[in-house]
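Visitor: This structure is in structure tokens; I'll ask about it shortly.
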Amino acid sequence: MISRKIIQNNYEILGIQDGASRQEIREAFRRLALQHHSDRGGEEEQFMKIKQAYDDLKLGKKYPDSPEERLKKTKVIYEDSDEEIRRNKILAENLSKDIKVAEEWIRALNRADATGTRLFGSKTLGELEFERKANGALSIKGNYKAGSLTYAGPIIMQGNITSPSWSKDHLTIIRLTKGDFKFVNPLENKYKIENGAQITTDVGDIVVGNVFGKKDHLQDPSGKVGLYIVKEHRTKLFAPKGKIIIENAANTVSLDAHTILALNLEDDVKISGKEILIYGHKVTYDVEIELKKDGFIRFFEDFSIQGLSDDTIIKLENGKKFTLHEFKTKRIKDLPDTVTDKNNYSKDDTMVGKGFKITYDVLDNYDKKRLGKKLGGWRLNMKSKKHTSH
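With the numbering used here applied, the sequence shown covers 968 to 1357.
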């Protein structure tokens, strides 16, 4: 196996020092991307290497994946042994029971409006520190791995959140009936939510870091060689009256909120919101963005929108669908005069990028205009055919 020491790390690929700031990483990527982009005569392979290094560093990865690691991520999981599955289910059950005990303890403190700190779990399974503060906020320190928790107040979390793969009865489900759910310094600490965990805030916001789901490719239960099934562990965040603020969402994730702010979206991500703001340079072909009535979408990338896939689906609440390609090529200056801020953009600016507000009404009317053109062309063709037949 090749040693990590002789592999160029992601900082070296971008030509910057280890531990460089986020701003330095971004500036290095922009500089190198300008030099190596294929549109400017550069090599596509080198550009993709630079882009992958940039994406990795945003996720806190110092080294690129080795060929073995890339293979491991794509290979079929043939099976955990029955013994290992049973063991994992028992662990999930024990963790879930600990969370229930913690929940009862917290409720007692809430009723008494008292403060308190207590450890739950074990050194073997992992410990969680719960603390109810004087202002009613619940602090959780440690990695949350299984179990359902409901709390009538804000939660401040320091640690990662995951959910068990083999136990549907003990999934990680966290619900706040009031208040916000927040990670402490999520970008600096690189905290993540993954593997099918679910978080809901009935009236508050969700402010976290990276959000990942998981898909396992499992051997076909019938044992047929070469056939496999996909087991999905979709991570879900739901804030119907608040904001969801994240860094990256990847690999089977759903986000639903009034307002969504995200950096990058990739690999089967579904989002639904009234105000959607995308700040990154990467949205993949299998992303679906649903816009709620009277809402808007804004893409803030101002360097290159090439990483925003043409095949990304934009869906209106009334069911109408578009591909992002239609708006990446539509110049703002060609929009109707009812778009009041179109004069704030240059003649070549398109609807995607630089923070242009793509409203629900513009998309709804855009669809009618597009349909009218199609019908007009169809009628014209029909007239031509009738004329020819005579």
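In this text, a Cβ means the ideal position worked out from N, Cα and C, and glycines have one as well.
Because the structure is a prediction, the values reported are computed rather than measured.
Taking the straight line between their C-alpha atoms, what separation do you get for residue 1038 and residue 1202?
Guide: Any reading at residue 1038 needs caution, since the residue's pLDDT is 45, under 50, leaving its predicted position unreliable; the model's value is listed next. Going by the C-alpha atoms only, they are around 24 Å apart.
Visitor: What separation, rounded to the nearest whole angstrom, lies between the Cα atoms of residue 1059 and residue 1220?
Guide: Those two C-alpha atoms are separated by around 22 Å.
Visitor: Can you tell me whether residue 1071 is buried or exposed? The criterion is at least 16 other CB atoms within 10 Å of its CB, across all chains shown.
Guide: exposed
Visitor: According to the Cβ coordinates, are residue 1359 and residue 1254 closer than 8 Å?
Guide: Examination of residue 1359 is not possible in this model, given that the chain is present from 968 through 1357 alone.
Visitor: Helix, strand or coil: which one does DSSP assign to residue 1207?
Guide: strand
Visitor: Could you say which of 981, 1117, 1163 lies nearest to residue 1135 if we only look at CA atoms?
Guide: 1163
Visitor: How close, in whole Å, do the beta carbons of residue 1181 and residue 1218 come, if the pair is a contact with beta carbons under 8 Å?
Guide: 6 Å
Visitor: Quick one: what's got a C-beta closer than 7 Å to residue 984's C-beta in the same chain, skipping five residues either side?
Guide: 978
Visitor: By how many angstroms is the C-alpha of residue 1078 removed from the C-alpha of residue 1025?
Guide: Cα to Cα, the separation comes out at about 42 Å.
Visitor: What distance in whole Å lies between the Cβ atoms of residue 1112 and residue 1093, which are believed to be in contact at a cut-off of 8 Å?
Guide: Yes, residue 1093 and residue 1112 are in contact; Cβ-Cβ is about 6 Å, under 8 Å.
Visitor: Let me check one thing: in DSSP terms, what residues is residue 1250 bridge-paired to?
Guide: 1232, 1275
Visitor: Can you tell me whether residue 1301 is helix, strand or coil according to DSSP?
Guide: helix
Visitor: With respect to the alpha helix (DSSP H) encompassing residue 1085, which residues constitute its N-terminal and C-terminal limits?
Guide: Unbroken run through residue 1085 is the beta strand (DSSP E), 1083 to 1089; no alpha helix (DSSP H).
Visitor: What runs of the alpha helix (DSSP H), each 4 residues or longer, lie entirely inside the region 969 to 1000?
Guide: Taken in chain order, the unbroken stretches of alpha helix (DSSP H) that lie wholly in the region 969 to 1000 and span 4 residues or more are 977 to 981.
Visitor: Between which two residues does the beta strand (DSSP E) holding residue 1215 run?
Guide: 1215 to 1217
Visitor: Rounded to whole angstroms, what is the Cα-Cα separation between residue 1062 and residue 1090?
Guide: 12 Å
Visitor: Between residue 1319 and residue 1272, which are expected to be in contact by the criterion C-beta below 8 Å, what is the C-beta distance as a whole number of angstroms?
Guide: Under the criterion of beta carbons closer than 8 Å, residue 1319 and residue 1272 qualify as touching, at roughly 5 Å.
Visitor: What residue range is occupied by the uninterrupted alpha helix (DSSP H) comprising residue 1029?
Guide: First-last for residue 1029: undefined, no H or E at that position.
Visitor: If you draw a straight line from the alpha carbon of residue 1120 to that of residue 1197, how long is it in whole angstroms?
Guide: 37 Å
Visitor: Can the beta-carbon of residue 1247 be found closer than 8 Å to that of residue 1224?
Guide: no
Visitor: With distance defined between alpha-carbon atoms, name the residue in 1155, 1189, 1139 nearest to residue 1114.
Guide: 1139
Visitor: Tell whether a beta-carbon distance below 8 Å holds between residue 1315 and residue 1298.
Guide: yes
Visitor: For residue 1028, collect the residues of the same chain with a Cβ closer than 7 Å to its Cβ; drop the 5 residues on either side in sequence, then sort them by chain order.
Guide: Cβ neighbours of residue 1028 beyond the five flanking positions: 977.
Visitor: How many angstroms separate the CA atom of residue 986 from the CA atom of residue 1268?
Guide: 24 Å
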